Amino acid sequence: MKIKICGLTRREDVETALSLGVDALGFILADSPRKVSLEDVSSLVEGLPPFSSTVAVVANPSDSDLREIVSSRLFDCVQFHGSESPEIVASVPIRTIKAFGIASKEDLDEALSYGGGDWLLLDGRVGRATGGTGRPFDWKILRGRQIGRPWILAGGLGPDNLEKAVWTTTPPAVDLNSALETAPGIKDGNRMARAVEIVRGLEGEEL
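Heads up, the sequence shown is in UniProt numbering, so the first residue is 1 and it goes up one at a time.
Rendered as structure tokens:
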């Protein structure tokens, strides 16, 4: 199971994530309390070891923003959190993730019918907020559904609920963010370590 830690803003948290063997590091370029600039990311990932994946998180970026993100060569993947069309997602020459906020079976139907993105990310939805809410959705919505493509479970996942989330949904990957924090963008090393320990411990279980 792959682990992505998102909303990173501090070098020390990047280094902790790497020491724990996290698979992907997410940096939010969209409006958010955890927003960072390309210049920030350049400093945060300087000297990053090989095989560490970096993800740019955006929402309805302009064409020029996308070109700047790709040409920066700071990222291996772009994660879209807005209302981007499949054509926009497909235009990016690196790997892509398309995020959807889930609050109902209808939301899940919409996500599964979407025609773009190398991965789907299923996040919690509260009102009009389609992601970054720090709230899990009802995982039972996923029971009996064939996703049919690589996907990531997100939405308020942390040490307190990860085991139940994984047992309920058996995701190929999990995205961790706010439940690992003491404040927006400030990760807690102990919570990060505990979350990774839980996920790795479940990998050998018959789910």
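Idealized CB from N, CA, C, for every residue including glycine. Source: prediction; values computed, not measured.
Got a sec? Which residues, its chain only, sit under 6 Å from residue i by beta carbon, not counting five neighbours each side?
{"i": "Leu176", "result": "Ile5, Leu157, Ala195"}
{"i": "residue 208", "result": "Nothing can be reported for residue 208: it is not among the residues displayed for the chain, which extend from 1 to 207."}
{"i": "Pro33", "result": "Pro184"}
{"i": "Gly144", "result": "none"}
{"i": "Glu163", "result": "Ile198"}
{"i": "Gly134", "result": "Gly156, Ser178"}
{"i": "Leu44", "result": "Arg11, Val14"}
Residues bridged to residue i by DSSP?
{"i": "Val174", "result": "Ile3, Leu153"}
{"i": "Ala24", "result": "Lys4, Ser53"}
{"i": "Ile186", "result": "Ala183"}
{"i": "Gly124", "result": "Ile102"}
{"i": "Trp119", "result": "Ile97"}
{"i": "Lys35", "result": "Ile28"}
Kindly give me the distance between the Cβ atoms of residue i and residue j, rounded to whole angstroms, as I take these residues to be in contact under 8 Å.
{"i": "Leu120", "j": "Lys98", "result": "6 Å"}
{"i": "Val14", "j": "Leu25", "result": "6 Å"}
{"i": "Leu112", "j": "Ile147", "result": "7 Å"}
Less than 8 Å separating the beta-carbons of residue i and residue j?
{"i": "Ala56", "j": "Ile69", "result": "yes"}
{"i": "Ile3", "j": "Val174", "result": "yes"}
{"i": "Leu20", "j": "Met192", "result": "yes"}
{"i": "Cys77", "j": "Ser53", "result": "yes"}
In chain order, what residues of the same chain lie with their CB nearer than 7 Å to the CB of residue i, ignoring the 5 residues before and after it?
{"i": "Gly82", "result": "Ala59, Asn60"}
**Request:** Counting only runs of 4+ residues fully inside the segment 38–105, write out the alpha helix (DSSP H) ranges in chain order.
**Result:** 38–44, 63–71, 86–90
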